[in-house]
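Undergrad:
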Amino acid sequence: MIVEDPIRSRHLVIGSGIAGLQFALLAAEDGSVRIVTKKNSQESSTNYAQGGIAAVLSPFDDFALHIQDTLAAGDGLCHEDVVRRMVESGPRLIQRLLSMGAEFQRDADRADAAFDLGREGGHSRRRILHSKDRTGHMLETALLERCHAHPAIAIDEDHLGVDLILGAEVGLAGADAGRVAGCWILDRRTQVRRPYLADSVVLATGGCGKVYSYTSNPDIATGDGLVMAYRAGARLANLEFVQFHPTCLFHPDAKSFLISEAVRGEGAHLVNRRGERFMSRYHPLAELAPRDAVARGIDTELKLSGDPCVYLDLRHLPRPAVESRFPNLVATCRRFGIDMAGEPVPVVPAAHYMCGGVVVDAEGRADLPGLYVIGESAFTGVHGANRLASNSLLEAVYLAEAAAQAARREPRVLSAAARLTPPADRLARRGGEPDVMILEHDWDDVRRVMWDYVGIVRDLGRLDVALARLRAIRNTVETAYASHQVVPGLVELRNIALLGELIVLCARSRHESRGLHYLRDFPRKADGLARDTLIARDLPAGGETARDFPDPAGGGA
Ligand code: FAD
Ligand code: SIN
């Protein structure tokens, strides 16, 4: 591997999902923006979002109801002030997306061409703007086109962010020594690594579904931003609240294929192998209960029956309506030999969304100066213990806007400073490439431990087993990382191994069941525990924090 000279820009954005792209388009008014993204620029969870984006646009809806639904799903942990600001910004943020080329489905039967609003679990009103069942693809395509056309925005594809660079490493002194000055970036195609420096460094790296064996997330979702921030010393919060989507397609050849919640919103039933609807046994809202309740209901049903899956049944819905509303789902199911409108569709829950993340303020600022975190990687407090469906895309554009406004005020420390010391190459290694087969086995081990021991229903004994196993794997991985060439598969493995451990530590420290965190030892919610779980490399153990923090080998950022 060769090290090249630093690349400098006013803003450095890591990730090209909805959060990173929306930030870039707004921040580009202030100066140059460099986006780095680890695969092709379209590849992101955003690109696969199906159901849509929630906003109050119907005359039968109002802000108070959207706020109330969000708080109810969040089970006592939502930060109400942030929820309120996000919900009230919704219509304006949608207008901006429209002005940037987004197109949402309109109701063909209405003379005023009002939006065709969908419904999803936990929403008391129809408020989901969608582009049939490919909303995310439409948004990603529209924003990417704008970014490609913008003269101040450059996008480096196949570039992987590895670790943050602090000011002291490039010769900054005083208060600037501790600011985040950039990121080490590895070109996946050439293996060239290079420091990228900027006045604001924005982590928009999305979620971490790949920590689990089964997930709706694409391969990019390895939580890189979360652990980069952790290693640099930022606080993370509420990692125990991993959302499992109730309905991913159960088929040996279908990798990570989601069957949107909008399908239940349009009336599909969840049935077991005997064809019985079961959700009313678990929640009064049955199939339209919030996601935590539906995923747990399915999990219980599967454990009781020993069956491998349950089914979504749409046979009572008119075939033309199903085919026109969900063309992508119908076509994909057909490829797997399933007639979505005409036979029960086998489904299982899978890891879907991280409700916790890097702690940020109202403007996306993390604990370290110069560092912003937006989108699914950020913890704003909006989602509490369980995210309401279709609030993620809304939160991403909400926070991207606030962060772009704040980042404009960052001092021009790195983009304008004439001379900076090139940072010491922390990724230099003597050894050769790691053994691919061992890498793959370690990947599987982490993901299987998380699936088996840190899933929808947890207990303290299993969490202890998970911790011991993850620590053993992580030690091996850190040794490999220190002694082999730094290649993308090893970087990501190192990240999921640490993140798995952090999730377990957060889960072990919450002695109650709330929202997505269900602990058999403490099956009820404890009023005294309505607070966030904080975790950080340098936090003193004790107080309200998860204890026993792992010290990431290799030290530093
Ligand atoms: P992403 O869109 O995931 O983008 C992350 C970006 O970071 C990618 O470009 C990735 O390549 C890049 N990246 C990651 N690590 C690195 C690194 N180390 N270096 C360089 N680049 C990196 N939410 C809703 O609100 N409504 C929905 O209908 C909906 N449906 C969903 C359906 C599916 C199948 C999935 C998986 C999620 C869905 N969600 C939905 C959740 C929502 O899509 C995501 O939370 C949201 O898109 C996250 O946006 P983001 O910009 O934060 O991250
Ligand atoms: C879905 O379409 O079911 C996903 C919606 C979401 O995750 O918000």
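Using the numbering used here, read the sequence shown as starting at 33 and increasing by one per residue. By construction, the Cβ of each residue, glycine as well, lies at the ideal position given by its N, Cα and C atoms.
1) Roughly how many angstroms separate the alpha carbons of alanine 145 and aspartate 564, rounded to a whole number?
2) Taking the alpha-carbon positions, what's the arginine 40 to isoleucine 470 distance?
3) How many angstroms separate the CA atom of valine 536 from the CA atom of alanine 450?
4) In chain order, what residues place their C-beta within less than 5 angstroms of a heavy atom belonging to ligand 2?
5) Throw me the rounded Cβ distance for the glycine 154 and alanine 327 pair, which I believe falls under 8 angstroms.
6) Just to confirm, is the Cβ distance from methionine 132 to aspartate 195 under 7 angstroms?
7) Using the Cα positions of glutamate 544 and arginine 569, report the straight-line distance between them to the nearest angstrom.
8) Run through DSSP, which three-state label would arginine 503 get?
9) Quick check for students: name the residue ranges of the alpha helix (DSSP H) that lie wholly in the stretch 279–367, counting only runs of 4 or more.
10) Does DSSP put valine 392 in a helix, a strand or coil?
11) Going by C-alpha to C-alpha distance, which of Arg220, Ala200, Gly547, Ala558 sits closest to leucine 271?
12) Fully enclosed by the stretch 480–548, which alpha helix (DSSP H) runs are 4 residues long or longer?
13) Quick check on phenylalanine 92: buried or exposed, where buried means 16 or more other Cβ atoms within 10 Å of its Cβ?
14) In angstroms, rounded to a whole number, what distance separates the CA positions of asparagine 304 and valine 295?
15) Using only the alpha-carbon positions, how far apart do threonine 453 and leucine 561 sit?
16) Glycine 521: beta carbon under 6 angstroms from a heavy atom of ligand 4?
17) Can you have a look at arginine 367 and say buried or exposed, based on whether 16 or more other CB atoms are within 10 angstroms of its CB?
18) Just verifying my parser: in three-state terms, what is the DSSP assignment at threonine 102?
19) Given the structure, does tyrosine 244 come close to ligand 1, in the sense that its CB is under 6 angstroms from one of the ligand's heavy atoms?
20) Measuring alpha carbon to alpha carbon, tell me which residue in Val518, Ala514, Arg66, Ile370 is nearest glycine 214.
21) Taking the CB atoms as reference points, tell me whether aspartate 101 and glycine 416 lie closer together than 7 angstroms.
22) In the DSSP assignment, find the unbroken beta strand (DSSP E) run with tyrosine 385 in it and report its ends.
23) What whole-angstrom Cβ distance do glycine 257 and asparagine 249 have, given they're in contact under 8 angstroms?
24) Which residues bound the alpha helix (DSSP H) around cysteine 215?
25) Considering only the alpha carbon of each residue, which of Val414, Val391, Gly413 lies closest to valine 405?
26) Mind checking whether alanine 60 and alanine 184 have CB atoms under 7 angstroms apart?
27) Which residues in the same chain as valine 202 place their Cβ atom closer than 6 angstroms to its Cβ, once the five residues preceding and following it in sequence are excluded?
28) Taking arginine 211 as the reference, which of Ala398, Val380, Thr167, Ile291 has the closest Cα?
29) I'd like the list of long-range same chain contacts for leucine 616, defined as Cβ closer than 7 angstroms, with 5 residues on each side in sequence excluded.
30) Say the cut is 6 angstroms; is the CB of alanine 428 nearer than that to a heavy atom of ligand 1?
31) Return yes when the Cβ of glutamine 82 is within less than 7 angstroms of the Cβ of alanine 432, no when it is not.
32) On the three-state DSSP scale, how would you describe alanine 186?
33) Which ranges would you report for the beta strand (DSSP E) in the stretch 236–281 if only whole runs of at least 3 residues count?
34) What residue ranges within the stretch 391–439 form continuous beta strand (DSSP E) runs of no fewer than 3 residues, ordered along the chain?
35) Going along the chain, which residues of its own chain have a beta-carbon closer than 6 angstroms to the beta-carbon of arginine 42, five neighbours each way excluded?
36) Report yes if the C-beta of glutamate 408 is less than 6 angstroms from at least one heavy atom of ligand 1; otherwise report no.
TA: On the basis of the data shown:
1) Rounded to whole angstroms, alanine 145 to aspartate 564 spans 43 angstroms at the Cα level.
2) If you take the alpha carbons of arginine 40 and isoleucine 470, they lie about 37 angstroms apart.
3) If I take the Cα positions, the gap works out to 45 angstroms.
4) In chain order, the hits are Gln82, Gly83, Ser292, Glu293, Ala421, Ser422.
5) Your pair glycine 154 and alanine 327 does not check out as a contact, with CB atoms roughly 12 angstroms apart and the cut at 8 angstroms.
6) Between methionine 132 and aspartate 195, the gap from beta carbon to beta carbon reaches 7 angstroms or more.
7) Computed Cα separation, rounded: 24 angstroms.
8) Of the three classes helix, strand and coil, the one that applies to arginine 503 here is helix, per DSSP.
9) Correct list: 293–297, 323–337, 351–357, 359–367.
10) If DSSP states are grouped into helix, strand and coil, valine 392 belongs with coil.
11) Restricting attention to Arg220, Ala200, Gly547, Ala558, the CA atom closest to the CA of leucine 271 is found in Gly547.
12) DSSP runs (the alpha helix (DSSP H)) wholly in the stretch 480–548: 492–515, 520–541.
13) Phenylalanine 92 comes out exposed.
14) Rounded to whole angstroms, asparagine 304 to valine 295 spans 17 angstroms at the Cα level.
15) Rounded to whole angstroms, threonine 453 to leucine 561 spans 47 angstroms at the Cα level.
16) What this structure holds is ligand 1 and ligand 2, not ligand 4.
17) Counting other Cβ atoms within 10 Å of its Cβ, arginine 367 stays below 16 and is therefore classed as exposed.
18) In the structure shown, threonine 102 sits in a helix (DSSP, three-state: H, G or I).
19) No, Cβ of tyrosine 244 sits at least 6 angstroms from all heavy atoms of ligand 1.
20) Ranking the options by Cα distance to glycine 214, first place goes to Arg66.
21) No, they are not a contact pair.
22) According to the DSSP assignment, tyrosine 385 belongs to the beta strand (DSSP E) that extends over 377–386.
23) Incorrect: roughly 14 angstroms between the Cβ atoms, too far for contact.
24) In the DSSP annotation of this structure, cysteine 215 is not part of any alpha helix (DSSP H); the continuous beta strand (DSSP E) holding it starts and ends at 212–219.
25) Checking every option, the nearest Cα to that of valine 405 belongs to Val391.
26) In contact: alanine 60 and alanine 184 (Cβ atoms closer than 7 angstroms).
27) For valine 202, the CB contacts under 6 angstroms within the same chain, skipping 5 residues up- and downstream, are Ala213, Leu452, Thr453, Pro455 in chain order.
28) Considering only alpha carbons, the answer is Ala398.
29) With the chain represented from 33 up to 589, any question about residue 616 goes unanswered, as that position is not in the structure.
30) Checking the Cβ of alanine 428 against ligand 1 gives yes.
31) Going by C-beta atoms, alanine 432 is not nearer than 7 angstroms to glutamine 82.
32) Taken through DSSP and simplified to helix, strand or coil, alanine 186 comes out as strand.
33) The qualifying runs are 274–281.
34) Counting only runs of 3 or more, we get 403–405.
35) Excluding its 5 nearest sequence neighbours in each direction, arginine 42 has C-beta neighbours in its own chain below 6 angstroms: Gly63, Ser64, Asp231, Ser447, listed in chain order.
36) Yes; taking the cut-off as 6 angstroms, the Cβ of glutamate 408 has a heavy atom of ligand 1 nearer than that.
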